[in-house]
DNA sequence: GTCTATAGCATGATAGAC
DNA sequence: GTCTATCATGCTATAGAC
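In structure tokens:
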């Protein structure tokens with residue numbers, strides 16, 4: 001069924017192979033282990049292919065950032081219509097945490113990718129993705145408060161920024177210590193604390 | 001005044017020189033730039049000194065983690081006695097943020113150091129330091145609530161964990177985008193939200 | 001247009017000189 | 001006990017073969 005991976009293949013196919021292999025290497029060995037040789041070995045292609053396909057290692061990293069970060073729309077819509085504000089928030093936060101718990105290596109890889117991208121001053125994609133997140137959270141916060149008949153006592157833009165930052169912090173704490181109990185407690189408390197920033201309209 | 005840095009010097013002095021140089025290199029060029037040669041060049045000593053003094057690069061990193069992280073007691077006591085709970089929290093959080101703002105390179109260096117230490121499975125010092133932070137925050141939270149005549153509606157241990165995680169998140173968001181306004185707003189809101197977790201005793 | 005062979009350099013580490 | 005000369009390896013990148 002599969003066409004053989006070896007032999008002369010078009011460069012686009014090589015690029016895809018190498019991007020797949022690069023993600024696998026990044027997950028398993030981290031950014032320090034992401035060398036051109038590790039990638040080509042993993043992909044099962046000769047080393048020279050690398051620079052033919054991408055020209056430089058930095059270009060590979062750029063392409064990987066673009067492919068992995070774009071369209072990674074968050075699961076901030078896990079809440080259901082009947083939930084009150086605090087419950088909706090808790091469900092959304094828990095959903096974010098669960099995504100990371102289900103595949104910690106992926107999250108770690110993304111953190112390192114983002115860091116690498118920033119060093120490469122290819123900030124655009126990363127910044128754009130973060131704005132998407134913020135806009136989505138802002139949208140959800142507006143919807144939940146409206147449905148619950150409450151109103152935010154601070155600009156919803158500021159609330160959204162805090163939610164994103166705090167959620168990131170809780171998730172990173174879990175990544176650091178893998179303490180499920182503490183992470184769950186933090187999510188519950190955070191939902192309560194944020195919900196307290198809304199008052200009856 | 002200064003004894004010359006060159007010539008035969010005791011190994012302890014060499015170790016100190018190399019640790020100083022390693023921190024400088026880490027701040028300026030990041031973990032990827034922290035090579036044995038960069039360190040010895042920076043310290044102005046021959047390259048071979050490195051392995052005589054530390055035996056391996058990993059040992060240098062271990063020693064650096066120990067030296068930099070130990071005793072980095074947080075400025076969680078920036079609040080004054082007359083403050084109410086929310087004000088005390090806001091002052092403490094702002095103080096943390098200001099420390100990072102005053103020297104972002106140092107914070108970035110510490111993040112990378114901690115990550116390197118974790119990869120080296122030398123988790124002990126990092127975990128110990130985080131426990132110190134948590135204990136200190138817990139102590140302060142207890143003091144503030146007591147002085148304000150309020151009581152926490154959740155285990156103070158959980159509140160402390162959330163405060164630490166959320167503060168980390170806000171600080172890292174600032175490191176990522178350097179948006180002062182947003183960071184200030186997040187700190188203010190976070191203080192308000194956390195303070196709402198306390199009720200009159 | 002696709003790939004191979006090789007260059008050129010930086011790295012972490014060591015054997016042994018002083 | 002302190003330091004120097006050298007090693008073996010792994011890295012990115014390129015010139016040119018097919």
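Protein chains in written order, with full-length UniProt numbering: chain A, 1 to 201; chain B, 1 to 201. A virtual CB, placed ideally from N, CA and C, is assigned to each residue, including glycine.
For residue i, collect the residues of the same chain with a Cβ closer than 8 Å to its Cβ; drop the 5 residues on either side in sequence, then sort them by chain order.
| i | result |
| --- | --- |
| residue 2 of chain B | Per-residue confidence for residue 2 of chain B stands at a pLDDT of 47, beneath the threshold of 50, marking its modelled position as unreliable; no derived number is given. |
| residue 198 of chain A | 85, 145, 148, 150, 151, 152 and 153 |
| residue 11 of chain B | 52 and 53 |
| residue 39 of chain A | 18, 21, 22, 25, 50 and 60 |
| residue 126 of chain A | 65, 69, 114, 117 and 118 |
Residue i touches chain A at which residues, Cβ-Cβ below 7 Å?
| i | result |
| --- | --- |
| residue 48 of chain B | By Cβ distance, chain A contributes nothing, its closest Cβ being about 24 Å from residue 48 of chain B, past 7 Å. |
| residue 161 of chain B | 182, 185 and 186 |
Can you name the residues of chain A whose CB is closer than 8 Å to the CB of residue i?
| i | result |
| --- | --- |
| residue 172 of chain B | 165, 168, 169 and 172 |
Drop a sphere of 10 angstroms on the beta-carbon of residue i, count the other beta-carbons inside from all chains shown, and report buried for 16 or more, exposed for fewer.
| i | result |
| --- | --- |
| residue 124 of chain B | exposed |
| residue 56 of chain A | exposed |
| residue 202 of chain B | Any question about residue 202 of chain B goes unanswered here, given that chain B covers just 1 to 201. |
| residue 32 of chain B | exposed |
| residue 131 of chain A | exposed |
| residue 129 of chain A | buried |
| residue 75 of chain A | exposed |
| residue 201 of chain B | exposed |
| residue 68 of chain A | buried |
| residue 105 of chain B | exposed |
| residue 183 of chain A | buried |
| residue 185 of chain B | buried |
| residue 8 of chain B | exposed |
Just to make sure I have the definition right: I need the residues of chain B whose C-beta is within less than 9 Å of the C-beta of residue i. Which are they?
| i | result |
| --- | --- |
| residue 264 of chain A | Outside the shown range of chain A (1 to 201) lies residue 264 of chain A, about which nothing can therefore be said. |
| residue 119 of chain A | 30 and 32 |
Strictly below 8 Å CB to CB, what residues from chain B border residue i?
| i | result |
| --- | --- |
| residue 197 of chain A | 189, 192, 193 and 196 |
Leaving aside the five residues before and after residue i along the sequence, list all residues of the same chain whose C-beta is less than 7 Å from its C-beta, in chain order.
| i | result |
| --- | --- |
| residue 167 of chain A | 93 and 96 |
| residue 64 of chain B | 19, 22, 23 and 113 |
| residue 90 of chain A | 187, 188 and 191 |
| residue 77 of chain B | 140 |
| residue 203 of chain B | The question about residue 203 of chain B has no answer, for chain B in this structure spans 1 to 201. |
| residue 37 of chain A | 47 |
| residue 34 of chain A | 22, 25 and 26 |
| residue 107 of chain B | 100 and 175 |
| residue 164 of chain B | 133, 134 and 137 |
| residue 88 of chain B | 79 and 144 |
Report the neighbours of residue i on chain B: residues whose CB is nearer than 7 Å to its CB, in chain order.
| i | result |
| --- | --- |
| residue 154 of chain A | 189 |
Just to confirm my understanding: we take residue i, look at its own chain, exclude 5 residues before and 5 after, and list those with CB closer than 6 Å. What are they?
| i | result |
| --- | --- |
| residue 162 of chain B | none |
| residue 109 of chain B | 26 and 27 |
Is it a yes or a no for the segment 138-158 of chain B touching the segment 126-144 of chain A, going by three-plus beta-carbon pairs under 8 Å?
no
Does the contact criterion of 3 or more C-beta pairs under 8 Å hold for the segment 9-24 of chain A versus the segment 39-54 of chain A?
yes
Is there contact between the segment 81-90 of chain A and the segment 46-55 of chain A, where contact requires at least three CB pairs shorter than 8 Å?
no
Completely contained alpha helix (DSSP H) runs for the segment 112-167 of chain A, where each covers 4 or more residues
123-147
Can you list the alpha helix (DSSP H) stretches of 4 or more residues lying completely in the segment 55-98 of chain B, in chain order?
57-69
Decide if the segment 167-174 of chain A is in contact with the segment 113-121 of chain A; the criterion is three or more beta carbon pairs, one per stretch, under 8 Å apart.
no
Contact between the segment 98-110 of chain B and the segment 149-161 of chain B (3+ Cβ pairs under 8 Å)
no
Stretch pair the segment 186-201 of chain B + the segment 182-193 of chain A: three plus CB contacts closer than 8 Å
yes
So within the UniProt DNA-binding region "H-T-H motif" (35-54) of chain A, which uninterrupted alpha helix (DSSP H) runs reach at least 4 residues, ignoring any that extend past its ends?
36-43 and 49-54
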